[in-house]
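Data first, discussion second: the structure below is written as structure tokens.
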């Protein structure tokens with residue numbers, strides 16, 4: 001049953017159609033045939049579980065600690081803030097964004113005010129994955 005629920009959460013899985021379509025024969029009439037996985041779980045299939053309540057699995061990017069080739073782009077930091085206009089920053093930002101259009105963008109920030117320190121990460125393509133957290137008082141801003 002657990003496997004059926006897992007397959008339900010993956011509609012693109014090749015076995016999804018086999019499990020959720022009535023594609024298997026009635027094996028009870030043929031004693032020479034071995035029932036397949038679906039036929040073996042027939043009683044579970046009809047267990048009256050509302051499968052609409054099972055959410056689809058959303059595959060996410062690997063977490064940073066599992067990614068070995070992270071490319072951090074910091075060219076905007078090379079600009080002198082005092083001598084660079086907002087328009088120049090925006091123009092360079094959009095140039096970089098176009099250059100890396102097939103990459104996953106992540107925007108991060110850390111800040112410290114007196115003894116309070118916080119960090120945040122924003123994923124524009126998956127805002128629900130974005131996180132912000134407060135670090136322990138007195139932590140270095142570089143920890144954020």
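In the UniProt record's numbering, the protein residues as written are 1 to 144. Yeah, the Cβ is synthetic: ideal placement off N, Cα and C, and Gly gets one too. None of the values given here were measured: they were computed from a predicted structure.
Rounding to the nearest angstrom, what Cα-Cα distance links residue i and residue j in this structure?
i	j	result
residue 129	residue 100	20 Å
residue 136	residue 127	25 Å
residue 92	residue 114	33 Å
residue 85	residue 66	38 Å
residue 83	residue 77	13 Å
residue 71	residue 134	26 Å
residue 62	residue 103	13 Å
residue 94	residue 80	18 Å
In this structure, does DSSP put residue i in helix, strand or coil?
i	result
residue 88	helix
residue 141	helix
residue 134	strand
residue 83	helix
residue 98	helix
residue 115	coil
residue 66	helix
residue 127	helix
May I ask whether a heavy atom of the ligand PLP can be found less than 7 Å away from the beta carbon of residue i?
i	result
residue 89	The ligand PLP is absent from the structure shown, which contains no ligands of any kind.
What do you reckon, are the CB atoms on residue i and residue j nearer than 8 Å?
i	j	result
residue 112	residue 120	no
residue 117	residue 143	yes
residue 125	residue 105	yes
residue 110	residue 87	no
residue 107	residue 89	no
For residue i, list the residues DSSP reports as bridge partners.
i	result
residue 109	120
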